[in-house]
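Residue numbers (the working numbering): 101 to 368. For reference, the structure discussed in these notes is given below.
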Ligand SMILES: [Zn+2]
C-alpha cells in the first residue's frame with residue numbers, strides 16, 4: 101500500500117519499501133496540485149495531450165520541488181506500448197519534451213546517480229525498480245500490450261545484463277493502475293494475453309456477461325515472480341485509477357479526455 105503525502109495543494113504518494121532506502125527519492129503523482137486547465141486540470145505531466153508547454157513545465161517544477169531534485173535531472177520515458185528497454189545516460193536528462201531522436205521505449209534503467217526517471221500512467225501499470233546491491237534503478241510501463249510482451253521481465257533481464265543485478269535484490273513498487281473492478285474488455289485483450297502468457301493467467305481473467313475483467317497487476321506480479329523477484333519485494337499501490345477519478349487520471353473513465361500522472365525515481 102502507498103502512503104499519501106501533501107505539499108500545499110500537491111497530493112502525491114510514496115511506497116514505504118522505497119521510502120526506507122536512504123539514497124532513493126521517489127513518488128507517484130495524483131491528478132491534484134498542478135496548474136493545467138480544463139479537462140487537464142490540474143497536474144498533467146504529458147506534452148502530447150493538448151496542454152501548453154509552460155503549464156506542463158510548471159507541473160514538473162512542482163514535482164521536482166517535492167522530490168528535491170532539479171528539473172534538469174528528469175528523463176521522461178517515451179511510451180509506445182512496446183518491450184524495448186533503454187539504458188539512460190546523463191545526456192538524456194532535462195529535455196522537455198524528450199528528444200525526438202531518442203527511441204520510443206517503455207522501460208528506462210540506469211546506474212547514473214542524480215538522474216530522475218519518469219514513467220507515465222492513466223490506467224496502465226507502471227512499476228519502479230530498485231537494486232540496492234548493484235545501485236541501479238528503473239521505471240517501466242506495462243499496459244495490456246506491454247504485459248503480453250512481458251516488459252517487466254525484460255526490464256529485470258536488462259538490469260541483469262547491464263548491471264549484473266540479481267533479481268532477488270530488486271524491490272518493485274507499483275503505481276496506481278486500473279483494477280479488475282474497472283478493467284473491462286472485449287475478447288481481444290484476454291485472447292492476446294492467453295496467446296502470449298498461456299493458461300497461467302487463468303486466475304487473473306474473469307468472464308462477466310459478454311465482457312472480460314482483467315487483473316493487470318495480478319498478471320504483472322506473476323511475470324515479476326517468474327523473473328525471479330521475491331513476492332515480498334513486490335508492493336501493490338492499493339488504488340484503482342478507475343474507482344478514484346477524483347485522485348487519478350483514468351483513460352477509460354474519461355473517454356480519453358485526460359492528463360497523465362508519473363512515477364519518479366532518482367538515486368543520489
Ligand atoms: Zn476500480
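Cβ atoms here follow ideal geometry from the backbone N, Cα and C, with glycine treated the same way. No experiment lies behind these values; they were computed from the predicted model shown.
- Between ligand 1 and the CB of residue 224, the shortest heavy atom gap is not smaller than 7 Å.
- If you draw a 10 Å sphere on the C-beta of residue 203, you find fewer than 16 other C-beta atoms in it, and that means exposed.
- Residue 239 is positioned such that its CB atom lies closer than 8 Å to that of residue 363.
- In this structure, residue 169 and residue 192 do not form a Cβ contact; the two beta carbons are roughly 15 Å apart against a cut-off of 8 Å.
- Around the beta-carbon of residue 179, 16 or more other beta-carbon atoms lie within 10 Å, marking it buried.
- Between the beta-carbon of residue 367 and that of residue 237 there is about 5 Å, and that keeps the pair under the 8 Å contact cut.
- At a Cβ-Cβ threshold of 8 Å, residue 224 and residue 281 do not count as neighbours.
- According to the DSSP assignment, residue 313 belongs to no alpha helix (DSSP H) but to the beta strand (DSSP E) extending over 311–314.
- In the three-state reduction of the DSSP assignment, residue 176 falls in the strand class, which pools E and B.
- Pairing residue 263 with residue 227 gives a Cβ-Cβ distance that is not under 8 Å.
- Following the DSSP letters along the chain, one finds residue 107 in no alpha helix (DSSP H) but inside the beta strand (DSSP E) bounded by residues 103–107.
- Sequence-distant partners of residue 123 (beyond 5 residues in either direction) whose C-beta falls short of 7 Å from its own C-beta, in its chain, are 367 and 368.
- For residue 148, no alpha helix (DSSP H) run applies, since DSSP gives it neither H nor E.
- No heavy atom of ligand 1 is found nearer than 7 Å to the CB of residue 246.
- Shown here for residue 103: same chain residues with a beta carbon closer than 8 Å to its own, the five before and five after excluded, namely 113, 114, 115, 116 and 119 in chain order.
- By the CB criterion at 8 Å, residue 185 and residue 207 fall inside the cutoff.
- About 6 Å separates the beta carbons of residue 222 and residue 361, which is inside the 8 Å limit, making them a contact pair.
- Any heavy atom of ligand 1 counts here; residues with a Cβ closer than 5 Å to one of them, in chain order, are 279, 281, 282, 340, 342 and 343.
- Assigned with DSSP and collapsed to three states, residue 185 falls in strand.
- The beta carbon of residue 153 sits closer than 7 Å to the beta carbons of 147 from its chain, once the five residues preceding and following it are set aside; these are given in chain order.
- As the crow flies, the alpha-carbon of residue 201 is around 15 Å from that of residue 190.
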